[in-house]
Amino acid sequence: MIRYTTTLGLSSALFLMACSAPFETPDVTRLIEPSVIVKTDETAPDATPGTCWAKVQPRNVKTVTERQIVQPAELSSDGTVLNPAIYRTVERPVDGSAETWFQRPCEAQVTPELIESLQRALAARGFYTGEPSGEMDTRTRLAIRAYQQPQGIDSGVLSLSAAKQLGLIDVELDTADS
């Protein structure tokens, strides 16, 4: 009897699972930059005109609570406290790490052909899986981020230095030595 009930319970659970709504894959775009905010619509200070930049800002900013004196204590000539000091509690944000600027290819350079080449280059190095699509999708951004993190750029936005390292953008040679 116990065996029959267990089998019936298991088959009922499987039946209910089969009748439920199909499983939806979670939206992983939020996971691309879990600890940083990337801005590409700003230009770095002192940047050369016509260059494109991205800024990585830490997302988790800590708050520090401190006491600030509003009114100092009033003391008599013999050192007796007439009125105690008045303090207020103030919270201020403290950033554990500074923002990071990095140069990136400009929008006109990031064509579907370049993205497809990028995907092939990242796949050859073990960072990208799947067929090259020529689209800057979640998989591509995750692969870019994994490739750039050891270089100190915690972002899914392709840096110009990574594009040059991957052979996607011409490296300007210094001709002064020749």
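Numbering (our numbering), first residue to last: 40 to 217. By construction, the Cβ of each residue, glycine as well, lies at the ideal position given by its N, Cα and C atoms. A quick note: this is a predicted structure, and the numbers were derived from the prediction, not measured.
Counting only residues of its own chain and dropping the five nearest sequence neighbours on each side, ALA86 has a CB closer than 7 Å to the CB of TRP92.
Judged by DSSP in its simplified three-state form, ALA93 adopts strand.
In this model, GLU152 and PRO171 are separated by some 10 Å (Cα to Cα). A contact is defined here as three or more CB-CB pairs under 8 Å, and the region 196-203 meets this definition with respect to the region 141-158. LEU121 sits exposed, since fewer than 16 C-beta atoms from the chains shown fall within 10 Å of its C-beta. In this structure, ALA160 is the residue among ALA160, PRO84, THR104 and GLU113 with its C-alpha nearest to the C-alpha of TYR186.
ARG184 and ASP193 do touch by the CB rule: their CB atoms are close to 7 Å apart, below 8 Å.
The Cβ-Cβ distance between PHE166 and ALA147 does not fall below 7 Å. For LEU157, DSSP records no beta bridge to any residue. Look at ARG164 here: in three-state DSSP terms it is coil, with no helix or strand label. Non-local C-beta neighbours of GLU81 in its own chain, meaning closer than 8 Å and more than five positions away in sequence, comprise TRP92 and LYS94, ordered along the chain. The alpha-carbon of THR168 is positioned some 8 Å away from that of ARG178.
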